[in-house]
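Heads up: the sequence shown is residues 1366 to 1527, going by our numbering. Below you'll find the structure, written out as structure tokens, and then a few comments.
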Amino acid sequence: MRLTPLLVLLLAACDTSSAPPPAQQESPARVQPASPSPEVAERDARAVAEDFHRALVEGDSLRVLGHLHPDAAIYEAGHAETTEQYRSGHLRSDIEFSQAVPSETLREDQVVTPDLVLLLRESRSRGRFREREIDTGGVETLVLVPTPEGWKIRHIHWSSGR
């Protein structure tokens, strides 16, 4: 696989090689499970991403937040937010937008490694939101990492334009 600068940056950001040796970890329950096959990793991470989007459309904020890693970084509209900032900030309007404006996936791609799944999505959203007609393209990057509780979204980057 050829590593692009973006992928190198994302892999470095999610690098766990500086974690303490197993003897220094808090408890065996915090040890990550053995890495699944690439096919299983992609399937499971994609299922989390799909349920994350479904939860936005269904207005289920607890389920949305349940898919986020505690240290997630959410980049949206030129701002960076932590999981907690997202919960008390953009989450409500993201739910409202997702409920009001249907989104169609145009293209998807993925990069799968033992410790990270990168999901890339291009979409088109059309509808009406807060008295405005919406017809816009969008891109989404989701970085998912394995945890003892399953795959969690560690990073989201949303961008939209005409």
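Ideal Cβ positions, reconstructed from N, Cα and C, are used throughout, including at glycine.
Query - Cα-Cα separation between residue 1461 and residue 1402, rounded to whole angstroms - result: 37 Å
Query - Per DSSP, the bridge partner or partners of residue 1470 - result: For residue 1470, the pairing in a beta bridge is given by DSSP as 1488.
Query raised in the report: Taking C-beta to C-beta, are residue 1501 and residue 1524 nearer than 8 Å?
Result: No, the Cβ-Cβ distance between residue 1501 and residue 1524 is not below 8 Å.
Query raised in the report: Just the Cα atoms here: how many angstroms apart are residue 1503 and residue 1489?
Result: 6 Å
Query raised in the report: Under the rule that 16 or more other beta-carbon atoms within 10 Å means buried, what is residue 1393, buried or exposed?
Result: Low per-residue confidence applies at residue 1393: pLDDT is 36, beneath 50, and the placement is therefore not dependable, though the value from the model is reported in the following sentence. Label assigned to residue 1393: exposed.
Query raised in the report: Going by beta carbon distance, what residues of the same chain come within less than 7 Å of residue 1417, once the five residues before and after it are set aside?
Result: For residue 1417, where only same-chain residues beyond five positions count, the Cβ hits under 7 Å are 1429, 1432 and 1518.
**Report entry** Integer-rounded CB distance, given that residue 1510 should sit under 8 Å from residue 1491
**Finding:** That pair is no contact at about 33 Å.
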